[in-house]
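Undergrad: Sharing a structure here in structure tokens format.
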Amino acid sequence: MTANLLCDTTLTPEYPTSEPEASINIGSDRDITLSKKYRRLHTGYHVVTITLICLTALQMVLLIMPFANAYTWESYHPESVAFLLFMLLISLALFSLRKIPFSLAKKSAEYRLQLLPEEDFLLNDATSHYHRFQANSQHFKTHDLKRKICIFSEGLLWLIFIGLGLIFHSLPLFIAGAALSLVIYLECDHLLNRQYAVHYDKQHPLHTDDPAKKGTVASGEGKIYSWDYDAAADSFHHHGFTQLPNCSADCIRYIFYARIDRYQYQWTIAGIVLTTLTAFTIIIGILQFMLPISDFIRIPNQNWFLFFCLILLITTGIYYIILLSRTEECFRNQTRLAYYCSDAPLSDQFLKAAFLSLYERGIIKNVDIGHGVYSYDCVMFENGKQITDLREDDRMIVIHRYYDAVRRISLDFLFFTIAYVCFFVWHLGITSALWGLPGIAIIYFVFAFYLFPRWDEALMKHKIRKYTL
Numbered sequence: 019m020t021a022n023l024l025c026d027t028t029l030t031p032e033y034p035t036s037e038p039e040a041s042i043n044i045g046s047d048r049d050i051t052l053s054k055k056y057r058r059l060h061t062g063y064h065v066v067t068i069t070l071i072c073l074t075a076l077q078m079v080l081l082i083m084p085f086a087n088a089y090t091w092e093s094y095h096p097e098s099v100a101f102l103l104f105m106l107l108i109s110l111a112l113f114s115l116r117k118i119p120f121s122l123a124k125k126s127a128e129y130r131l132q133l134l135p136e137e138d139f140l141l142n143d144a145t146s147h148y149h150r151f152q153a154n155s156q157h158f159k160t161h162d163l164k165r166k167i168c169i170f171s172e173g174l175l176w177l178i179f180i181g182l183g184l185i186f187h188s189l190p191l192f193i194a195g196a197a198l199s200l201v202i203y204l205e206c207d208h209l210l211n212r213q214y215a216v217h218y219d220k221q222h223p224l225h226t227d228d229p230a231k232k233g234t235v236a237s238g239e240g241k242i243y244s245w246d247y248d249a250a251a252d253s254f255h256h257h258g259f260t261q262l263p264n265c266s267a268d269c270i271r272y273i274f275y276a277r278i279d280r281y282q283y284q285w286t287i288a289g290i291v292l293t294t295l296t297a298f299t300i301i302i303g304i305l306q307f308m309l310p311i312s313d314f315i316r317i318p319n320q321n322w323f324l325f326f327c328l329i330l331l332i333t334t335g336i337y338y339i340i341l342l343s344r345t346e347e348c349f350r351n352q353t354r355l356a357y358y359c360s361d362a363p364l365s366d367q368f369l370k371a372a373f374l375s376l377y378e379r380g381i382i383k384n385v386d387i388g389h390g391v392y393s394y395d396c397v398m399f400e401n402g403k404q405i406t407d408l409r410e411d412d413r414m415i416v417i418h419r420y421y422d423a424v425r426r427i428s429l430d431f432l433f434f435t436i437a438y439v440c441f442f443v444w445h446l447g448i449t450s451a452l453w454g455l456p457g458i459a460i461i462y463f464v465f466a467f468y469l470f471p472r473w474d475e476a477l478m479k480h481k482i483r484k485y486t487l
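In our numbering, the protein residues as written are 19 to 487.
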């Protein structure tokens, strides 16, 4: 059974994992210099961030003021149009300044890591074993190549939907198509992630294997997850994370890297969303006054277009404030985790204590454990090991698949909902279609949290019985 890390690993003063200001080491001249640089950058970050947040909040207040009186948008004057254009330029200026707090937060986090007493700063010259494996792994090389093909295909789909939007003179039609294409990309990426099972199936054939069945995802997954299956009870030993797995130190490094990868993924997506919202609002705002495009945007008239721009600007401002408020925490955690998953000489006790602390604080999620264990097992598979050669807590289990699937299913339903609203409500103008949103929400919760876990577990049992028993 899975050992409980909560019982056998505790935090000690020798291995602190929190970051109070008092823990900063300022004993030597070097530390004093670094401390001054850190505090200067830290103060500069907060000053810049608070200033940008206040300016963004002020912009949103100014945007709302003309609409404070009901129905005032029905009689706009040229002054109102000029005011909106001025607000668009302000949004562009605020957007262009976003790099300043980002760079200050990143540099501040690096200086802070150097000042922690238990660590010699090796982040800049330490090479992660994970990166070395990715560079030498044929599995990951093939995976990256196929992912690039998927991204290229996604770009082609976007071009097709842009063409359809221009042909039918409809912006919402393009947005709906782009959202559906993202659903297709997520599912294709999921299929690529399952190809490790093909490699495992080829590398570890059973003596009873039918040659025609070798090299399949189903056969490989059946062999990998069969260790956790109890044939007598027809069930799996591990049904959830009721106990935190007592992973090995090497596996924990991969879990840390999985969290870094998710930080980078989330930050990249956040930047893309912010850039898209800002650019989209500014471009359509300027185009509308140079070359009226109300028909293309499917907005009834100029008055409603101004209101549409107002909603976009306020949405962008709120998103910008949320992003600024999370910047420091994101870079601080990412920098510290990068040190933990590198080749730095950290003890197993320290890594396990850090793992426990980060999990309790909600920084490490169950999906990170699943991704980290998956990456670690792929390394072991390429080194010729079988799943039974690994420590029990370092092996993939079916629940890992579920946590990853819930995130993917949630994104699928989000993009599908966007496509639904854009096509039926925005493009076709069927406002009664909004009544379908509660139905979509009910279907999502029933499928993601009730039907899918049971279906996935039953499917895995079928694979195990078919290919291993």
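Where a beta carbon is used, it is the ideal one built from N, C-alpha and C, also for glycine.
Go ahead and label G488 buried or exposed: buried means 16 or more other beta carbons lie within 10 angstroms of its beta carbon, across all protein chains shown.
TA: Because the chain is modelled from 19 through 487, residue 488 falls outside the range shown and cannot be assessed.
Undergrad: Spell out the partners DSSP gives F467 in its beta bridges.
TA: Within the sequence shown, numbered from 1, the residue matching residue 467 stands at position 449. Paired residue(s): none; F467 is not in a bridge.
Undergrad: Relative to the C-alpha of T435, which candidate in S126, I332, S312 and L452 has its C-alpha closest?
TA: Position 417 of the sequence shown, counted from the start, is the residue given in the question as residue 435. Answer by Cα proximity: L452.
Undergrad: From the DSSP output, read off the bridge partner residues of S248.
TA: Taking the first residue of the sequence shown as position 1, residue 248 is located at position 230. Residue identity differs from the one stated: residue 248 is Asp in this sequence, not Ser. Paired residues: S253.
Undergrad: Starting from the C-beta of D474, find all residues in its chain whose C-beta is less than 8 Å away, skip the five residues before and the five after it, and write them out in chain order.
TA: For the purposes of this step, residue 474 is identified with residue 456 of the sequence shown, where counting begins at 1. Cβ within range, chain order: V416, R419, Y420 and A423.
Undergrad: Once the 5 residues before and after F441 are set aside, which same chain residues still bring their CB inside 8 Å of it?
TA: As a first step, residue 441 must be located in the sequence shown, where it is residue number 423. P190, L191 and A194.
Undergrad: Could you give the first and the last residue of the continuous alpha helix (DSSP H) run that contains R425?
TA: The residue you call residue 425 lines up with position 407 of the sequence shown. Where R425 is concerned, the enclosing alpha helix (DSSP H) stretches over V416 to Y438.
Undergrad: Rounded to whole angstroms, how far is the Cβ of M414 from the Cβ of I242, which I believe are closer than 8 Å?
TA: Sequence index remark: in the sequence shown, residue 414 carries index 396 (1-based). Sequence index remark: in the sequence shown, residue 242 carries index 224 (1-based). Rounded, the Cβ-Cβ distance is 6 Å, consistent with contact.
Undergrad: Which residue spans inside the region 350–419 form an unbroken alpha helix (DSSP H) run of at least 4?
TA: Within the region 350–419, the complete alpha helix (DSSP H) runs of at least 4 residues are 366–378 and 384–400.
Undergrad: In this structure, how does DSSP classify S93 when only helix, strand and coil are distinguished?
TA: Against the sequence shown, residue 93 aligns to sequence position 75. Unreliable placement is indicated for S93, whose pLDDT of 43 sits below 50; no coordinate value is reported for it.
Undergrad: Report the three-state DSSP secondary structure of H187 (helix, strand or coil).
TA: Within the sequence shown, the letter at position 169 stands for residue 187. H187: coil per DSSP, three-state reduction.
Undergrad: Please classify N211: does DSSP put it in a helix, a strand, or coil?
TA: One-based indexing of the sequence shown puts residue 211 at position 193. It is helical.
Undergrad: Should D313 be labelled buried (16 or more other beta-carbon atoms within 10 Å of its own) or exposed?
TA: For this step, residue 313 is matched to residue 295 along the sequence shown. By the neighbour-count rule (16 or more Cβ atoms within 10 Å), D313 is not buried but exposed.
Undergrad: According to DSSP, simplified to helix, strand and coil, what is R116?
TA: Your numbering for residue 116 matches position 98 in the sequence shown. Correct three-state label for R116: coil.
Undergrad: In or out: N142 buried (at least 16 other Cβ within 10 Å) or exposed?
TA: What you label residue 142 is simply residue 124 of the sequence shown in a count that begins at 1. Here N142 scores only 41 on pLDDT, less than 50, and its place in the model is too uncertain to base an answer on.
Undergrad: Can you tell me whether D411 is buried or exposed, with buried defined as 16 or more other CB within 10 angstroms of its CB?
TA: As a working note, residue 411 is residue 393 in the sequence shown. That one is buried.
Undergrad: Under a Cβ-count criterion, where at least 16 other Cβ atoms within 10 Å of its own Cβ denotes burial, should S253 be classed as buried or exposed?
TA: Locating residue 253 in the sequence shown gives position 235, where the first residue counts as 1. The residue is exposed, with fewer than 16 neighbouring Cβ atoms inside 10 Å.
Undergrad: How about F470 and L200: are their beta carbons less than 8 Å apart?
TA: By 1-based counting over the sequence shown, the position of residue 470 is 452. By 1-based counting over the sequence shown, the position of residue 200 is 182. Contact: no.
Undergrad: To the nearest angstrom, how far is it from the Cα of I427 to the Cα of D49?
TA: Here residue 427 refers to the residue found at position 409 when the sequence shown is read from its first residue. Here residue 49 refers to the residue found at position 31 when the sequence shown is read from its first residue. Between I427 and D49, the C-alpha separation is close to 48 Å.
Undergrad: When you compare each of F326, I287, P318 and A276 to T299 by their alpha carbons, which one comes out closest?
TA: Numbered from 1 along the sequence shown, position 281 holds the residue referred to as residue 299. Of the candidates F326, I287, P318 and A276, the one whose C-alpha sits nearest the C-alpha of T299 is F326.
Undergrad: Would you call the CB atoms of K481 and A236 closer than 8 Å?
TA: Residue 481 sits at position 463 when you count from the first residue of the sequence shown. Residue 236 sits at position 218 when you count from the first residue of the sequence shown. Yes.
Undergrad: Where does the unbroken alpha helix (DSSP H) through I315 begin, and where does it stop?
TA: By 1-based counting over the sequence shown, the position of residue 315 is 297. That run of the alpha helix (DSSP H) goes S312 to I315.
Undergrad: Going by DSSP, what residue range makes up the alpha helix (DSSP H) through V235?
TA: Start at 1 with the first residue of the sequence shown, and residue 235 comes out as number 217. Counting along the chain, the alpha helix (DSSP H) containing V235 begins and ends at V235 to Y243.
Undergrad: DSSP on L446, reduced to helix/strand/coil?
TA: In the sequence shown, the residue the question calls residue 446 occupies position 428. The answer is coil: DSSP assigns L446 none of H, G, I, E or B.
Undergrad: For H389, does the count of other Cβ atoms within 10 angstroms reach 16, so buried, or fall short, so exposed?
TA: Walking along the sequence shown from the start, residue 389 turns up at place 371. H389 comes out buried.
Undergrad: Do A75 and I339 have their C-beta atoms closer together than 8 Å?
TA: Your numbering for residue 75 matches position 57 in the sequence shown. Your numbering for residue 339 matches position 321 in the sequence shown. In this structure, I339 lies closer than 8 Å to A75 by Cβ.
Undergrad: So, for Q282: in the same chain, excluding its five sequence neighbours on each side, which residues have a beta-carbon less than 8 Å away from its beta-carbon?
TA: Within the sequence shown, residue 282 is the residue found at index 264, counting from 1. Correct list, in chain order: Q352.
Undergrad: Under a Cβ-count criterion, where at least 16 other Cβ atoms within 10 Å of its own Cβ denotes burial, should I302 be classed as buried or exposed?
TA: Looking up residue 302 in the sequence shown gives position 284. Per the 10 Å Cβ criterion, buried.
Undergrad: According to DSSP, is L262 helix, strand or coil?
TA: Taking the sequence shown and counting its residues from 1, the one referred to as residue 262 is at position 244. L262 falls in the coil class under three-state DSSP.
Undergrad: What whole-angstrom Cβ distance do A196 and F170 have, given they're in contact under 8 Å?
TA: Within the sequence shown, the letter at position 178 stands for residue 196. Within the sequence shown, the letter at position 152 stands for residue 170. About 16 Å; that fails the 8 Å criterion.
Undergrad: Taking 6 Å as the limit between beta carbons, can you name the residues of its chain near R277, skipping five residues before and five after?
TA: In the sequence shown, counting from the first residue as 1, residue 277 sits at position 259. Cβ within range, chain order: L355, I382 and D386.
Undergrad: Determine whether the beta carbon atoms of L110 and T296 lie at a separation below 8 Å.
TA: Your numbering for residue 110 matches position 92 in the sequence shown. Your numbering for residue 296 matches position 278 in the sequence shown. Yes, the Cβ-Cβ distance between L110 and T296 is below 8 Å.
Undergrad: Name the residue from V291, F323 and I290 whose alpha carbon lies nearest to the alpha carbon of L305.
TA: Counted from its first residue, the sequence shown places residue 305 at position 287. Of the listed residues, the one whose Cα sits closest to L305 is F323.
Undergrad: Using only the heavy atoms of the ligand NAD, determine whether one of them is closer than 7 Å to the beta carbon of L189.
TA: The model depicted lacks the ligand NAD and carries no ligand whatsoever.
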